[in-house]
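Numbering (this note's numbering), first residue to last: 218 to 758.
First the structure, in the form of structure tokens, and then the observations on it.
Written as structure tokens, this is what we have:
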């Protein structure tokens, strides 16, 4: 029996199933790209009839962007690259990245240039860089007018990285301290144009409008930065999935170019713009804010144009037609902007003459009923303003005005109608690039203040005599003297600093107004007004 038991003990047990783990997939091998870097710094140039752009392969950025048809204050071709801000804040079409180490590497790398290639009447330039892990590519092509086409892409280990194109350092025409105050960031989104300055409000109510590094999500049809006369805009091929980053930094600039050591801090606005997917295709406009140029530059085929960046102010519906009229006069008849402004002023002043006469007629009617108005006022003056019986005074006044055919605001309303023209002229002449460096007599730049201040002085003198010759029948003589003195002084101080083109309009308008007033004073209507004034003065004695 022992033998069977031994045999049984030697029989092997049934195998037990054991679960074995599946082998883990091996991590993907790093996407290796052969390093591609230049050994020395080189420059390449793209140009057409409007611009000449010089690129450097150090960062594949714009070193110079010259507008061939515009001059700077020294008479040299205008370079839109700000020579003061760009070395500190960055050059146009450099990369912006949220990873600042990556941004620094991309903008300091030595890219390999393909050289300028001519194809189908267009010139193309490509820059490429790789350190084995990070690759970057920029392609630039000459386009129409003031536009170039751009395509950019940045990858890390084969995966696209968010990196936008930027214009961070202002514009090259900002040669004075005051010129930086006109900087703005503008964009077009959802059918609406937004215009943002560095700050808004005044000393006590001021607030920061543009924050540095703030990201705004699209879609954007266009976005850019500019000043009073020039603009740089990014116009994406597809507005979807675009983002805008606002840039606001400070640099020190001389208060006076003649005293370079006396400096003051100013805000420099810029933008970064691109597609959030990592591949950005867009066109860049960099040129003048001229009406015909902006109207003919469309962000996309059938899309909005850039006219919204030329801000003619609240009375733009008047200012724009005025400018088109002024431009037509200059191009077809009077080939000098100063004399064209003078002619336009003559026409407008004569057209508003009926309003001046209407104002005097209303003033005369008001003067005739002054005794009755005074009697009603005396009748109710013992009652407080909140007394219900004061309403009876208003009813009597209204009945008197209706009976005598008098409009109580008739003397002021015609003059108020002239104010929109003044504001429209102020906005139009202050923003028209055509007046930049345009000469007239002793003035070399109609967009700048009169260097001899002869026009502001003429404004003060003509306004003083015009006010003195204009009847002010319902005003106390002492108050009238103060008004005749203070108003011209205030207007003269204001006109001391504004564009001399506006001062031409103002001075000639005042002179023509004074001549009109003298003629009216000698007319039958003017004699009636003068006699009414004399009777009023006699009664007061």
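Glycine is no exception: its CB is placed at the ideal position from the N, C-alpha and C atoms.
Three-state secondary structure (DSSP) of residue i
| i | result |
| --- | --- |
| residue 283 | strand |
| residue 589 | helix |
| residue 439 | strand |
| residue 731 | helix |
| residue 340 | strand |
| residue 419 | In this prediction, residue 419 has a pLDDT of 47, which is less than 50 and means its spatial position is unreliable; nothing more can be read from the coordinates. |
| residue 486 | strand |
| residue 273 | strand |
| residue 294 | strand |
| residue 355 | strand |
| residue 834 | Absent from the model: residue 834. The displayed extent of the chain is 218 to 758, so no value can be given. |
| residue 473 | strand |
| residue 556 | helix |
| residue 518 | coil |
| residue 454 | coil |
| residue 657 | strand |
| residue 382 | strand |
| residue 512 | helix |
| residue 651 | helix |
| residue 740 | coil |
| residue 267 | coil |
Residue i, enclosing alpha helix (DSSP H) - first and last residue
| i | result |
| --- | --- |
| residue 528 | Premise fails: residue 528 is in no alpha helix (DSSP H) and is neither H nor E. |
| residue 613 | 607-621 |
| residue 684 | 671-686 |
Through-space distance from residue j to residue i, alpha-carbon basis
| i | j | result |
| --- | --- | --- |
| residue 313 | residue 300 | 20 Å |
| residue 363 | residue 503 | 6 Å |
| residue 583 | residue 567 | 25 Å |
| residue 414 | residue 384 | 16 Å |
| residue 669 | residue 711 | 15 Å |
| residue 309 | residue 487 | 10 Å |
| residue 589 | residue 618 | 10 Å |
| residue 720 | residue 539 | 16 Å |
| residue 613 | residue 714 | 49 Å |
| residue 511 | residue 527 | 8 Å |
| residue 534 | residue 653 | 22 Å |
| residue 324 | residue 672 | 49 Å |
| residue 322 | residue 645 | 45 Å |
Neighbour-count burial assignment, residue i, 16 or more Cβ in a 10 Å radius
| i | result |
| --- | --- |
| residue 600 | exposed |
| residue 254 | exposed |
| residue 497 | buried |
| residue 541 | exposed |
| residue 699 | exposed |
| residue 327 | buried |
| residue 258 | exposed |
| residue 564 | exposed |
| residue 382 | buried |
| residue 342 | buried |
| residue 728 | buried |
| residue 348 | exposed |
| residue 743 | buried |
Beta-carbon gap between residue i and residue j smaller than 8 Å
| i | j | result |
| --- | --- | --- |
| residue 676 | residue 709 | yes |
| residue 432 | residue 462 | yes |
| residue 393 | residue 444 | no |
| residue 435 | residue 451 | no |
| residue 647 | residue 683 | no |
| residue 718 | residue 545 | no |
| residue 427 | residue 468 | no |
| residue 650 | residue 507 | yes |
| residue 287 | residue 280 | no |
| residue 276 | residue 371 | no |
| residue 346 | residue 329 | yes |
| residue 297 | residue 449 | yes |
| residue 518 | residue 447 | no |
| residue 285 | residue 268 | yes |
| residue 485 | residue 386 | yes |
| residue 523 | residue 367 | no |
| residue 493 | residue 369 | no |
| residue 722 | residue 640 | no |
| residue 352 | residue 250 | yes |
| residue 570 | residue 733 | yes |
N-terminal and C-terminal residue of the beta strand (DSSP E) that residue i is part of
| i | result |
| --- | --- |
| residue 546 | First-last for residue 546: 533-549, but that is the alpha helix (DSSP H), not the beta strand (DSSP E). |
| residue 366 | 364-373 |
| residue 309 | Note, residue 309: premise wrong, no beta strand (DSSP E); not H, not E. |
| residue 319 | Careful: residue 319 lies outside any beta strand (DSSP E), inside the alpha helix (DSSP H) at 317-325. |
| residue 445 | Premise fails: residue 445 is in no beta strand (DSSP E) and is neither H nor E. |
| residue 261 | 260-264 |
| residue 405 | 401-406 |
| residue 411 | 409-414 |
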